[in-house]
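Chemist: Position 109, counted from 1, in the sequence shown is what our numbering calls 100; the numbers after and before it change by one each time, with no gaps.
Beta carbons: idealized from backbone N, C-alpha and C, even for Gly.
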Amino acid sequence: MSKVKPATVAKQKFNQDIHFLDGPSSRGKEFSFVWKAMYQFIRGFRTLHFVGPCISVFGSARTEESHPVYKQSYEIGKRIAAMGFTVMTGGGPGVMEAANRGAFENGGQSVGCTIRLPREQNNNAYMHRSVDFSYFFVRKVLLVKYSHAFVVMPGGFGTLDELFETLTLIQTGILHNFPVVVIGRNYYAELWVFIEKMIQEGTIDSKDLHLIKVTDNIDDAMKHIESYIQNHYQIRPKPKAWWILGERSTMPQTRVY
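1. Measure the alpha-carbon distance for Glu21 versus Ser218 and round it to whole angstroms.
2. Where does the unbroken beta strand (DSSP E) through Thr80 begin, and where does it stop?
3. Applying the 10 Å Cβ sphere with the 16-neighbour rule, what's the burial state of Glu153?
4. Taking the alpha-carbon positions, what's the Pro104 to Met213 distance?
5. Just tell me which of Lys27, Glu181 and Asp123 has its CA closest to the CA of Leu108.
6. Quick check: the Cα distance between Val247 and Phe155, rounded to an integer number of angstroms?
7. Could you spell out where the alpha helix (DSSP H) holding Ile216 opens and where it closes?
8. Examine the Cβ distances between the region 41 to 60 and the region 135 to 145 and report whether three or more of them are shorter than 8 angstroms.
9. Pop quiz: Ile203 and Val184 are said to be a contact at Cβ under 8 angstroms. What is the actual Cβ separation, rounded to whole angstroms?
10. State whether the region 75 to 95 contacts the region 159 to 175, with contact taken as three or more CB pairs (one from each stretch) at a distance under 8 angstroms.
11. In the DSSP assignment, find the beta strand (DSSP E) that holds Phe47 and state where it starts and stops.
12. DSSP state of Phe185, grouped into three classes?
13. Could you have a look at His201 and say whether DSSP puts it in helix, strand or coil?
14. To the nearest angstrom, how far is it from the Cα of Thr206 to the Cα of Ala180?
15. Return the Cβ separation of Arg120 and Val102 in integer angstroms, given the expectation that the two are a contact with Cβ distance under 8 angstroms.
16. Helix or strand or just coil, what does DSSP make of Ser57?
17. What is the C-beta distance between Tyr65 and Gly93, in whole angstroms, given that I count them as a contact (C-beta under 8 angstroms)?
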């Protein structure tokens, strides 16, 4: 009898599709994976279709409420809501909770794209609407799809992944040149040094730096985003709910871009 490690059992309970990336599976399992991913996309589209224009806030799930970054994130959520935008996050604790809370407690709209993880990810209580995913790639598409600007707070691997994927989409023209604001000069100082090394080595172009604004000043961050919005965005008609599909446009909004 083979001995199964507890960690292996935990992974299997966390996600039955954990072995999908191990290589070829049976045709039935691969079709099942595609079907589940498609279902999550459709559920995400239906949940978020009427949330209005969003600004996504990325950052660490491990930031404690007493930390200055939590307080900054709360203020950013509050300021985004004051601009008439919906705050969108990954729906978890830490920075995500703070940004959602800043909007939620100050009359703004707050939504989240949550993820099922074996640890860390507990959904926060400051969202008017959320949709739960089990696949990171589905979640990341939805976080980008409904956002018109991005604020990046101090975070870990996941935050860096979201930052650089967003920058890549903008750099390659797949995503419009939406403003990306990075909060935390000291925290990201070494990363900025490496980005400058990439320019020296010719792996990116110096003009790519205009894609990012790095600052510690929330006023500067909000002015940067608002200036771009005023100069580049156009008002579009609000999507209409189809009663035949059971849709309801329940979230108020001030502007659609």
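Modeler: Walking through what the data contain:
1. Approximately 46 angstroms, taken between the alpha carbons.
2. Thr77 to Thr80 is the span of the beta strand (DSSP E), which, as asked, contains Thr80.
3. By the 10 Å Cβ count, Glu153 comes out buried.
4. The sequence shown places Cys at residue 104, not Pro. Each residue's CA atom was taken as its position, placing Cys104 and Met213 some 23 angstroms apart.
5. Its Cα nearest to that of Leu108, the residue Asp123 stands out among Lys27, Glu181 and Asp123.
6. The predicted position of Val247 is uncertain, since its pLDDT is 42 and thus under 50; a value taken from the coordinates is nonetheless stated next. Val247 and Phe155: Cα-Cα distance of roughly 27 angstroms.
7. For Ile216, the enclosing alpha helix (DSSP H) has its first and last residue at Ile209 to His223.
8. At 8 angstroms Cβ cutoff, the stretches touch.
9. Incorrect: roughly 14 angstroms between the Cβ atoms, too far for contact.
10. Touching, no, given that fewer than three Cβ pairs across the two stretches are closer than 8 angstroms.
11. A small fix is needed here, since residue 47 is Ser in this sequence, not Phe. Boundaries of the beta strand (DSSP E) around Ser47: Cys45 to Phe49.
12. Of the three classes helix, strand and coil, the one that applies to Phe185 here is helix, per DSSP.
13. In the three-state scheme derived from DSSP, where H, G and I count as helix and E and B as strand, His201 is classed as helix.
14. Going from the Cα of Thr206 to the Cα of Ala180 covers about 11 angstroms.
15. Yes, Arg120 and Val102 are in contact; Cβ-Cβ is about 5 angstroms, under 8 angstroms.
16. In the structure shown, Ser57 falls within a coil segment according to DSSP collapsed to helix, strand and coil.
17. The Cβ separation is near 4 angstroms, so the contact holds.
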